[in-house]
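In terms of numbering that gives the first Met the number 0, the sequence shown has 509 at position 510, counting the first letter as 1, and numbering is strictly consecutive.
Before any comments, here is the structure.
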Amino acid sequence: MTEFAHLPSAALAESERIRTARRLFFEEGTLPSGLVPDAVLRSWQRCQGVGYRTGEAVSFDPVQPSVASSLRERSHDLIEAARPEFERLARVLGEGAYGLLLTDADGHAVAVHGPLQHCGELIQRALRPGVNLAEARIGTSAMSTAMAEGQAIGVFGQEHFFAQHGSFQCAAAPIYGVQGELRGTIDVTRDTPLPQFGVLSLMQDSASVIEATLLRAVPARLRVRMCWYHGALGGLGNAMMAFGADGEVVAANQAARRLLDLRSEIRGLHHDDVFQGRFSELVDRLGHQPLLPWRLRSGLTLTMAPLDTPQPARPAALQPAPPSVALAPAAALPEFGDEEVARALPRAVRALDAGLPILILGESGSGKEVAAQALHRCSRLREGPFVAINCGAIPRELIEGELFGHTDGAFTGARRGGAKGKLEQADGGTLFLDEIGDMPLELQTRLLRVLETREVTRLGGTGSRKLEFQLLSATHQPLDQWVAQGRFRADLLFRLDGLRLPLPPLRQRGQLHRLLTVLLADEGLHEAQLEAECLQHLLQLPWPGNCRQLRAALRLARVIAEPGELIGRQHLPAELRQPCAEFAPPAAMNQQAGVSLRQHHQALLAATLEEVQGNVSAAAQRLGVNRSTLHRWMKKSR
Numbered sequence: 000m001t002e003f004a005h006l007p008s009a010a011l012a013e014s015e016r017i018r019t020a021r022r023l024f025f026e027e028g029t030l031p032s033g034l035v036p037d038a039v040l041r042s043w044q045r046c047q048g049v050g051y052r053t054g055e056a057v058s059f060d061p062v063q064p065s066v067a068s069s070l071r072e073r074s075h076d077l078i079e080a081a082r083p084e085f086e087r088l089a090r091v092l093g094e095g096a097y098g099l100l101l102t103d104a105d106g107h108a109v110a111v112h113g114p115l116q117h118c119g120e121l122i123q124r125a126l127r128p129g130v131n132l133a134e135a136r137i138g139t140s141a142m143s144t145a146m147a148e149g150q151a152i153g154v155f156g157q158e159h160f161f162a163q164h165g166s167f168q169c170a171a172a173p174i175y176g177v178q179g180e181l182r183g184t185i186d187v188t189r190d191t192p193l194p195q196f197g198v199l200s201l202m203q204d205s206a207s208v209i210e211a212t213l214l215r216a217v218p219a220r221l222r223v224r225m226c227w228y229h230g231a232l233g234g235l236g237n238a239m240m241a242f243g244a245d246g247e248v249v250a251a252n253q254a255a256r257r258l259l260d261l262r263s264e265i266r267g268l269h270h271d272d273v274f275q276g277r278f279s280e281l282v283d284r285l286g287h288q289p290l291l292p293w294r295l296r297s298g299l300t301l302t303m304a305p306l307d308t309p310q311p312a313r314p315a316a317l318q319p320a321p322p323s324v325a326l327a328p329a330a331a332l333p334e335f336g337d338e339e340v341a342r343a344l345p346r347a348v349r350a351l352d353a354g355l356p357i358l359i360l361g362e363s364g365s366g367k368e369v370a371a372q373a374l375h376r377c378s379r380l381r382e383g384p385f386v387a388i389n390c391g392a393i394p395r396e397l398i399e400g401e402l403f404g405h406t407d408g409a410f411t412g413a414r415r416g417g418a419k420g421k422l423e424q425a426d427g428g429t430l431f432l433d434e435i436g437d438m439p440l441e442l443q444t445r446l447l448r449v450l451e452t453r454e455v456t457r458l459g460g461t462g463s464r465k466l467e468f469q470l471l472s473a474t475h476q477p478l479d480q481w482v483a484q485g486r487f488r489a490d491l492l493f494r495l496d497g498l499r500l501p502l503p504p505l506r507q508r509g510q511l512h513r514l515l516t517v518l519l520a521d522e523g524l525h526e527a528q529l530e531a532e533c534l535q536h537l538l539q540l541p542w543p544g545n546c547r548q549l550r551a552a553l554r555l556a557r558v559i560a561e562p563g564e565l566i567g568r569q570h571l572p573a574e575l576r577q578p579c580a581e582f583a584p585p586a587a588m589n590q591q592a593g594v595s596l597r598q599h600h601q602a603l604l605a606a607t608l609e610e611v612q613g614n615v616s617a618a619a620q621r622l623g624v625n626r627s628t629l630h631r632w633m634k635k636s637r
């Protein structure tokens, strides 16, 4: 077992120092200079200035799950960027009793990690998603002091303002966003002494890694780290900037602002405003030179290193969207509890940005819409609307109007003045066709025409409108089988199927524990509030309803359990309490992802030739290929 270092004699001296400082400040009203860090003393003064008294009791009030979920959504990119750091810190800290915490800039806990069940009850109550840990709420803490001071801070024992927090041992570092704005803190807390050496640099390193991940999520041609001398790039070079296609500064973290003395808004700032050399030369040289001295306009020289491979310049007319795995890597993608899905999501973002439609496959409740929203959020059109339509939930007689819109008086009950359809609403953004397999066959032809021309005509109208949108669709139906049965158009499937993104059911996900942690946090819970046996039971259940069923079970358990009571199997829905061995194995899902591209070509070719009565020229024109290519396809399909 790995334990934190303890120094009993030093701890005794520290205890006496803090007691003296508290007596001087709280009882005698004098400043205990040199007895506590200046940052802690300034926090004490702020707390005293708002009328707090050290003996007051502080309650860590629970929050509604909806509030915790809203806080998590607002800090989604920060949480995802911190997730790998939580894992790394857990390996460094080893076993024991501690909690890792991520707060937002307002001091709310937005993510919690670690073996909190071994900590005292007060720490367990404090470190819950959604709890307000701001200085104005709980007094001096490492998190609030780090945000106030702009640097890594440790607050140990009775250095906390309120006496009841005298057992807390905390170290935190602030995290800054890509515009230099404060995003939050990363913190480690326990109720026995933290290591005497190294813990502050450990937290600062983690904050820097998170900042780098956030910066990599910015669409940019070049991202760099900078320092005054190249030796610092090994560990201290935390100043990072990102430049757009023409050298405009699109991101600069707090360390870069300090390094370059940038005090104002960076919007409108260009590389050439700060540096002497040409931006194109910088890109070229960093493409084959790992460390580069680069001179500022002030005459000073610093060292640059690329964060990733610089993107080559392209003519503006041919410039594609920036590769969005650089736009928003894992930092902006949700946890699905499966390594294959984690690897597939960035590929899907790249495909979407390249203009390919994405077909998401999975059982009901497996998270298809969550995946769709994440892909939109990471894509080049993420600033545009995300428009979802459930093709299986709208009455057949209304779905055409929902998709295409209508003019004034187009049909009985039509909205006065007409209305946009979902396709028009998605212009400039993302259209998500959920349960596309349930779309009536007669509407598939019209949808196919819109996907081919990117033009839409409202019901009752004559003029068409050109649209730009990216397409996501999802289904739990076996579309390949339905194509063979004539229940789904082969050519429409080909238009939808630029890249398949299969989401396995929960029972097949290799890292379900990770997903469970996220869902617990969404409900304002963490693992420490579950009995160990209940946790293992949840991980072993087959979950035929997938994420939807798991989330509902957690919500019910939270409601049934008494305040402060550990959640056990008895709090689960009745149908989930039995031993896992008693559950019948669910039927295997049709594995659509294994169907070959050749089969799609064959189905599309047959359908197209049938539509044009075997006219090869017409079929080639409709498919967008020349006659020789089509003849080659026909030969291979025989």
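Idealized CB from N, CA, C, for every residue including glycine.
Quick one: measure Cβ to Cβ for residue i and residue j, integer angstroms, because I've assumed they're closer than 8 Å.
| i | j | result |
| --- | --- | --- |
| Y51 | G165 | With 8 Å as the limit, Y51 and G165 do not qualify as a contact, their Cβ atoms being about 15 Å apart. |
| G98 | I122 | 6 Å |
| C169 | S140 | 6 Å |
| F167 | T188 | 6 Å |
| F431 | A373 | At roughly 11 Å, the Cβ-Cβ gap does not stay under 8 Å, so F431 and A373 are not in contact. |
| C546 | G364 | 5 Å |
Can you confirm whether residue i, when its beta carbon is compared against all beta carbons of chain C, has any partner nearer than 8 Å?
| i | result |
| --- | --- |
| I17 | Structure shown: chain C not included; a single protein chain is present. |
Along the alpha helix (DSSP H) that carries residue i, what are the first and last residues, could you check?
| i | result |
| --- | --- |
| M142 | A141 to E148 |
| N545 | N545 to I559 |
| D521 | L511 to D521 |
| T53 | Note, T53: premise wrong, no alpha helix (DSSP H); not H, not E. |
| V62 | Where V62 is concerned, there is no enclosing alpha helix (DSSP H), given that its DSSP letter is neither H nor E. |
Bridge partners for residue i per DSSP, in chain order?
| i | result |
| --- | --- |
| K641 | There is no way to answer for residue 641, as the model of the chain reaches only from 0 to 637. |
| D433 | N389 |
| N252 | According to DSSP, which records beta bridges pairwise, N252 is partnered with nothing at all. |
| I359 | A473 and L500 |
| L529 | I566 |
Would residue i be called buried (16 or more neighbouring beta carbons within 10 Å of its own) or exposed?
| i | result |
| --- | --- |
| T452 | exposed |
| P439 | exposed |
| A583 | Since pLDDT at A583 reaches only 47, below the 50 mark, its modelled position is unreliable, and no value is offered. |
| G176 | buried |
| G93 | exposed |
| E210 | buried |
| D245 | exposed |
| Q203 | buried |
| N614 | exposed |
| V154 | buried |
| G113 | buried |
| I17 | buried |
| P305 | buried |
| L70 | buried |
| V324 | Reliability fails at V324, whose pLDDT of 36 lies under 50, so the model's placement of it is uncertain and the value that follows must be treated cautiously. So V324 counts as buried. |
| A299 | Residue 299 is actually Leu in this sequence, not Ala. Answer is exposed; the Cβ neighbour count stays below 16. |
| S74 | buried |
| Q591 | Residue placement at Q591 is poorly supported in this model, since its pLDDT is 37, which falls under 50; the coordinates still yield a value, given next. Q591 should be labelled buried. |
| E158 | buried |
| V558 | exposed |
| R313 | Caution is warranted here: a pLDDT of 44 is assigned to R313, below 50, making its placement in the model unreliable, and the coordinate value is therefore given only provisionally. The residue in question, R313, is exposed, as its Cβ has fewer than 16 Cβ neighbours within 10 Å. |
| Q63 | exposed |
On a CA-only basis, which of the options is nearest residue i? Give me that one, please.
| i | options | result |
| --- | --- | --- |
| L422 | A251, L458 and G497 | L458 |
| A133 | T102, C533 and W542 | T102 |
| Q443 | G93, R464, P83 and L402 | L402 |
| A80 | P192, I174 and V282 | I174 |
| T302 | V223, R90, A527 and E382 | V223 |
| C226 | M240, F160, R189 and A145 | M240 |
| R464 | G420, L374, F59 and V57 | G420 |
| A257 | I566, L446, W542 and G149 | Reading off the sequence, residue 257 comes out as Arg, not Ala. Closest by alpha carbon: G149. |
| V198 | G544, A171 and H270 | A171 |
| E467 | S14, P384, V62 and L549 | P384 |
| A219 | W293, T429 and E247 | E247 |
| R652 | T53, V111 and L201 | Limits of the chain in this structure are 0 at one end and 637 at the other, which puts residue 652 out of reach. |
| D60 | G544, L534, G523 and A473 | G523 |
| L115 | A96, V130, L100 and P128 | A96 |
| R381 | E362, G404, A425 and E339 | A425 |
Go to residue i, then tell me how far its beta strand (DSSP E) extends in each direction, as first and last residue.
| i | result |
| --- | --- |
| V386 | F385 to N389 |
| Q44 | Not the beta strand (DSSP E): Q44 falls in the alpha helix (DSSP H), residues D37 to G48. |
| D103 | G98 to D103 |
| W293 | L291 to R294 |
| L221 | L221 to C226 |
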